[in-house]
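J.: Numbering that gives the first Met the number 0 puts the first residue of the sequence shown at 0, with every later residue one more than the last.
Ideal placement from N, C-alpha and C gives every residue a C-beta, glycine not left out.
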Amino acid sequence: MKEVKVFAPATIANLVCGFDVLGLCLCEPSDIMHVKLMDEKRVVIHSADGSSLPSDPSQNTAGAPLLAMIEEMDLELGFDLTIEKHIKPGSGIGSSAASAAGAVVAANHLLGNKLPKEDLVRFAMLGEKVASGVKHADNVGPCIYGGVTIIRSIFPLDIISISAPPLYITVVHPQIEVRTSDARQILRKEVLLKDAIRQWGNIAGLVAGLMKNDYALIGRSLEDVIIEPVRSMLIPGFDEVKSKSKEAGALGGGISGSGPSIFMLSQNIVTAQIVEKLMQDIYKKIGLPFHTYVTTINTEGVKIEEVTH
Ligand code: HSE
0 MKEVKVFAPA TIANLVCGFD VLGLCLCEPS DIMHVKLMDE KRVVIHSADG SSLPSDPSQN
60 TAGAPLLAMI EEMDLELGFD LTIEKHIKPG SGIGSSAASA AGAVVAANHL LGNKLPKEDL
120 VRFAMLGEKV ASGVKHADNV GPCIYGGVTI IRSIFPLDII SISAPPLYIT VVHPQIEVRT
180 SDARQILRKE VLLKDAIRQW GNIAGLVAGL MKNDYALIGR SLEDVIIEPV RSMLIPGFDE
240 VKSKSKEAGA LGGGISGSGP SIFMLSQNIV TAQIVEKLMQ DIYKKIGLPF HTYVTTINTE
300 GVKIEEVTH
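1. Compute the minimum distance between the beta carbon of Ser-257 and the heavy atoms of the ligand HSE, and state whether it is under 7 Å.
2. Compute every distance between the C-beta of Asn-368 and the non-hydrogen atoms of the ligand HSE, then say whether any falls below 7 Å.
3. Go to Met-311, then tell me how far its beta strand (DSSP E) extends in each direction, as first and last residue.
4. For Gly-146, collect the residues of the same chain with a Cβ closer than 7 Å to its Cβ; drop the 5 residues on either side in sequence, then sort them by chain order.
5. Alpha carbons only, please: which of Thr-10, Asp-55, His-33 is nearest the one belonging to Ala-97?
6. With a threshold of 16 other CB atoms inside 10 Å of the CB of Ile-82, please say whether the residue is buried or exposed.
7. Could you tell me which whole beta strand (DSSP E) segments of length 3 or greater appear in the region 196-276?
8. If you follow the beta strand (DSSP E) that Met-311 is in, where does it begin and where does it stop?
9. Using the rule of at least 16 other Cβ atoms within 10 Å of the residue's Cβ for burial, across every protein chain shown, is His-308 buried or exposed?
10. Which stretch, first to last residue, makes up the beta strand (DSSP E) that contains Val-3?
11. What are the boundary residues of the beta strand (DSSP E) that Arg-151 is part of?
12. What alpha helix (DSSP H) runs, 4 residues minimum, are completely inside the region 54-79?
13. Can at least three beta-carbon pairs, one atom from the region 205-215 and one from the region 227-239, be found at a separation below 8 Å?
14. For Phe-237, is the beta carbon positioned less than 7 Å from some heavy atom of the ligand HSE?
15. Check His-135 in the structure and name its three-state DSSP category.
16. In the DSSP assignment, what residue or residues form a beta bridge with Val-170?
17. Of all the options Tyr-292, Val-224, Asp-79, Gln-174, which has the alpha carbon lying nearest to the alpha carbon of His-191?
18. What three-state label does DSSP hand Ser-98 in the structure shown?
19. For Lys-317, which residues does DSSP report across the bridge?
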């Protein structure tokens, strides 16, 4: 049976001011998945590295979208998936999205690429529902489309890809797990009008800054007056990472997705590496294990390779 190998990249949702509406695809890290068609109507999931993944496909972020695809497309076949996780669950850089997006892009390829990207996002969002209890597309969108995406609406889906200038992204993942469902639960359900106005200004400024290659405008717009003040309390070292990164020349940044990872954008690699070093120093001082990455924007999204036996 035909088999594909898929690289499903990490993503940064929200981009500070755009809660649930902005997202960006990273070159590193990526999950790797091997997906095969099966002549039985079911989904089988294996973990390549022995990490514990829910084996019931309906409870698995990659499995649930595939079950929905089988149902909706009235398929008489199924999928066998082997997942090699490199993006830690609960890290805030789109672990569940990578599993879901990688699975649907691979399945679509095996079926002759019949579905447009928008349908793939619609199916992949079912994986996010399994992971966090709600559908959101600001990780699966950029994972499937690549680059920077705006999720103008999820019902109906309206996804816009926008251009961006070269940016270097430094990510630090302090090794604590923040579940997206918990990080959503703690948010206030109402927003003050004055905060909403400030946030709208920042979102518009960030989108314009990215499209006009205006680094100063990007930096000024990386401000979140609604979500960050609440969620940053879950992340040791957050304020210090942010203020020292900006002093070192980063344009700005904040919580990646629902955290605990923190990301900073820089205009050049030297600054991005200085930021990486200071992040490492901060978490060594705190005594918390961490991972760091210095990477760039992945304009391609999920990548497929045919496997020949
Ligand atoms: N927009 C989502 C949130 C992303 O912040 O809850 C989760 O990765």
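T.: The relevant details are as follows:
1. Numbered from 1 along the sequence shown, position 258 holds the residue referred to as residue 257. Yes, since a heavy atom of the ligand HSE falls inside the 7 Å radius drawn around the Cβ of Ser-257.
2. This structure cannot settle anything about residue 368, because the visible part of the chain is limited to 0 through 308.
3. The question about residue 311 has no answer here: the residues shown for the chain are numbered 0 through 308.
4. Position 147 of the sequence shown holds residue 146. Here the set comprises Cys-24, Ser-160, Ala-163, Ile-296, Thr-298.
5. Mapped onto the sequence shown, residue 97 falls at position 98. Distances from the CA of Ala-97 to each of Thr-10, Asp-55, His-33 were compared; the closest alpha carbon is that of Thr-10.
6. Locating residue 82 in the sequence shown gives position 83, counting from the first residue. By the neighbour-count criterion, in which 16 or more other beta carbons inside 10 Å mark a residue as buried, Ile-82 falls on the buried side.
7. Taking only runs of at least 3 residues, the beta strand (DSSP E) segments lying wholly in the region 196-276 are 251-254, 261-265.
8. Outside the shown range of the chain, which is 0 to 308, sits residue 311, and nothing can be said about it.
9. Here residue 308 is taken as the residue at index 309 of the sequence shown, counted from 1. By the neighbour-count rule (16 or more Cβ atoms within 10 Å), His-308 is not buried but exposed.
10. Within the sequence shown, the letter at position 4 stands for residue 3. Annotation: the continuous beta strand (DSSP E) that includes Val-3 extends over 2-12.
11. As a first step, residue 151 must be located in the sequence shown, where it is residue number 152. First-last of the beta strand (DSSP E) with Arg-151: 147-153.
12. Every alpha helix (DSSP H) stretch that sits fully inside the region 54-79 and reaches 4 residues is listed by chain position as 62-71.
13. Output reads no: the region 227-239 does not touch the region 205-215.
14. Taking the first residue of the sequence shown as 1, we reach residue 237 at position 238. Checking the Cβ of Phe-237 against the ligand HSE gives no.
15. Numbered from its first residue, the sequence shown carries residue 135 at position 136. Coil.
16. Position 171 of the sequence shown, counted from the first residue, corresponds to residue 170. Answer is Phe-262, Tyr-292.
17. Numbered from its first residue, the sequence shown carries residue 191 at position 192. Note on residue identity: the sequence assigns Leu, not His, to residue 191. The shortest C-alpha separation from Leu-191 is found at Val-224.
18. In the sequence shown, the residue the question calls residue 98 occupies position 99. In the three-state DSSP reduction, Ser-98 falls in the helix class (H, G or I).
19. The requested residue 317 does not occur in the structure, where the chain is confined to residues 0 to 308.
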